[in-house]
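Residue numbers (this note's numbering), protein chains in the order written: chain A, 1 to 138; chain B, 1001 to 1138; chain C, 2001 to 2138; chain D, 3001 to 3138. Every residue, glycine too, gets a C-beta built ideally from N, C-alpha and C. For reference, the structure is listed below as structure tokens.
4 protein chains.
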Amino acid sequence: MTDRTTEYDFETLISVRDYELDVQGIVNNANYLHYLEHTRHEFCHEAGTSFRTMHARGIDPVLRHVSIEYLTPLTSGQQMRSCLRLRRKGPRFIFQQDIYRHPDGVPVVKAEVTVVCLENGALSRGDILAEAFEKYLR
Amino acid sequence: MTDRTTEYDFETLISVRDYELDVQGIVNNANYLHYLEHTRHEFCHEAGTSFRTMHARGIDPVLRHVSIEYLTPLTSGQQMRSCLRLRRKGPRFIFQQDIYRHPDGVPVVKAEVTVVCLENGALSRGDILAEAFEKYLR
Amino acid sequence: MTDRTTEYDFETLISVRDYELDVQGIVNNANYLHYLEHTRHEFCHEAGTSFRTMHARGIDPVLRHVSIEYLTPLTSGQQMRSCLRLRRKGPRFIFQQDIYRHPDGVPVVKAEVTVVCLENGALSRGDILAEAFEKYLR
Amino acid sequence: MTDRTTEYDFETLISVRDYELDVQGIVNNANYLHYLEHTRHEFCHEAGTSFRTMHARGIDPVLRHVSIEYLTPLTSGQQMRSCLRLRRKGPRFIFQQDIYRHPDGVPVVKAEVTVVCLENGALSRGDILAEAFEKYLR
């Protein structure tokens, strides 16, 4: 785990809130999409941009695809380390997003989230977004 | 129950969705605020208006106060009849909102929801909203 | 579309509730996982079983993987037709879940949801679940 | 504000997560009930108990009434200080719960949350819960 961690572009700690548990006593599956989205927004913030700012420039990042593998459920009172790595594939921005239980590092979910950009409503090449994320894209 | 029902201005049926249950196996308390909001929006729709339309006219209805009594919890597979009665008290629009388990009519929650109107950011007398709800206000 | 529809094992109508919209005015991406889960539970109900019943028999269906493609966003006041087809691949139960805007049939999301069964905590071959879904598995 | 703060029994910092915003760009009203619940659970944790523990002892705290006043909406990127004061009135446990925007201290919501205890399904005098919260009850 240690090796891979150092490769992430961003990570943040998130605490489970009890209302996120479902009747089985574990975090409901949909909440992980919330955690992933929250992490992307925090990452944007660190990168010096925001969905609001992008919207003002006429760019709307749009979620196109999510693939998420559920490995270990989180439950009441637990914390997670939500990690993110960004890469670009033409017009698509691909976020590799992995969540680990904190502090023991047990993998919780592994996800790949694909975002594209609409510029004034039409699919764009994504160059403006790429600029905002310049230092993270290799 | 039957008598009171005829006094409501609006009612709608809502089904519990399993993801709304919490770890105790009953609908989480916050979801009732969702049900109440959903009912008000459906009511606005029937009244021929919407929050979007009002916003476009420069009016923003704002939630000021909610008082909610929890009587009987709802659980998986159940339906509710969500009822609403509207009255005005100066600038305040007061929604009496009662939810009954369907079809047996057991009271689930009783709530009083107070909404005021902002017109271009300032508290308004509410005359434009009163006009939209004219036929419901006595 | 018409051809494929006849191949689904189950379908149900779901209405967007306004509180499911996010700041962009469209249904938040995580809510589609709620819709998909709700549809699976309704399907189980029609198949004559429930997660509660299965749990009582010592079987716990567990979500293992979700792949979801976002095609067209839903917004305020819209309805969706949520469709499901089930197949088995060894111990894995794979739900093909497609959501269409109703009534115009525009595709909204296409998802593949993989569920496995734990029996008394250990991964099972899934034979008990297969029995419950017998008439849907080909 | 400073004076009153020192009177609270517990306080915790909570960050707004972007998916909690609604179409108006502010935190949806139902989410404040989530924040309040989260705060009560953290408080129980600090008091050395939990809903799980209480349940195991045959006690089920049940929400009976919430009165919530909305003063200032929270929005993207903001933090709140969620404060709680507990008192007992016979069988009822009353949580005075106030949320302030952090760090400027602007009042966000003021709420009064009433909880009673069921012991093996029947309304109890609440003595076991009172014991758990002994040092906070005056």
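Closer than 8 Å at the C-beta level to chain A, one finds no residue of the region 1101-1123 of chain B. Under the three-state reduction of DSSP output, residue 1051 of chain B falls in the helix class. In the DSSP assignment, residue 68 of chain A forms a beta bridge with A/111, C/2066. Cβ contact annotation for residue 2124 of chain C (same chain, cutoff 6 Å, sequence separation greater than five): 2117, in chain order.
The C-beta of residue 45 of chain A comes no closer than 8 Å to any C-beta of chain C. Taking C-beta atoms as the reference points, residue 46 of chain A and residue 2065 of chain C fail to come closer than 8 Å. Using a CB distance below 7 Å, the part of the region 1018-1041 of chain B facing chain A consists of 1019, 1021, 1022, 1023, 1025, 1028, 1030, ordered along the chain. Under the 10 Å beta carbon count, residue 53 of chain A is surrounded by fewer than 16 other beta carbons and is classified as exposed. In the DSSP annotation of this structure, residue 2133 of chain C is not part of any beta strand (DSSP E), being labelled neither H nor E. Of A/41, A/78, A/82, the smallest CA-CA separation from residue 62 of chain A is found for A/41.
At a cut-off of 8 Å between C-beta atoms, residue 2016 of chain C does not count as an interface residue with respect to chain A. Sequence-distant Cβ neighbours of residue 2106 of chain C in its own chain, meaning closer than 6 Å and more than five residues away, are 2072.
For residue 2081 of chain C, the secondary structure class from DSSP, reduced to helix, strand or coil, is strand.
Of C/2080, C/2091, C/2090, C/2104, the smallest CA-CA separation from residue 2097 of chain C is found for C/2080. By the 16-neighbour rule on beta-carbons within 10 angstroms, residue 3056 of chain D is exposed.
Taking a Cβ-Cβ threshold of 8 Å, the residues of chain A close to residue 2064 of chain C are 69, 70, in chain order. Only 76, 77 from the region 71-93 of chain A bring a Cβ to less than 9 Å from some Cβ of chain D.
Ranking D/3074, D/3059, D/3016 by CA distance to the CA of residue 3120 of chain D puts D/3059 first. When the beta-carbon positions are compared, residue 2112 of chain C and residue 2082 of chain C stay at least 8 Å from each other.
For residue 3057 of chain D, there are no neighbours in chain A by C-beta distance under 8 Å, as the nearest C-beta there is about 17 Å away. When DSSP states are grouped into helix, strand and coil, residue 3018 of chain D belongs to the helix group. For residue 3052 of chain D, at least one C-beta of chain A is nearer than 8 Å to its own C-beta. In chain order, 3059 place their CB closer than 6 Å to the CB of residue 3128 of chain D, counting only its own chain and leaving out the 5 sequence neighbours on each side.
Rounded to the nearest angstrom, the Cβ distance from residue 2037 of chain C to residue 1018 of chain B is 7 Å, consistent with a contact under 8 Å. In the DSSP annotation of this structure, the continuous segment of the alpha helix (DSSP H) that includes residue 40 of chain A starts and ends at 29-46.
Residue state for residue 1127 of chain B is assigned as helix, using DSSP reduced to three classes. Contact check for residue 1029 of chain B against residue 1020 of chain B fails: the beta carbons are separated by 8 Å or more.
When the Cα atoms are used, residue 114 of chain A and residue 84 of chain A turn out to be separated by approximately 12 Å. Of A/43, A/137, A/91, the smallest CA-CA separation from residue 122 of chain A is found for A/91. Residue 2126 of chain C and residue 50 of chain A have their C-alpha atoms roughly 45 Å apart. DSSP lists B/1117 as the bridge partner or partners of residue 1061 of chain B.
Ranking A/110, A/99, A/34, A/24 by CA distance to the CA of residue 76 of chain A puts A/24 first. Burial is judged here by how many other beta carbons sit within 10 angstroms of a residue's own beta carbon; residue 1033 of chain B has at least 16 and is buried.
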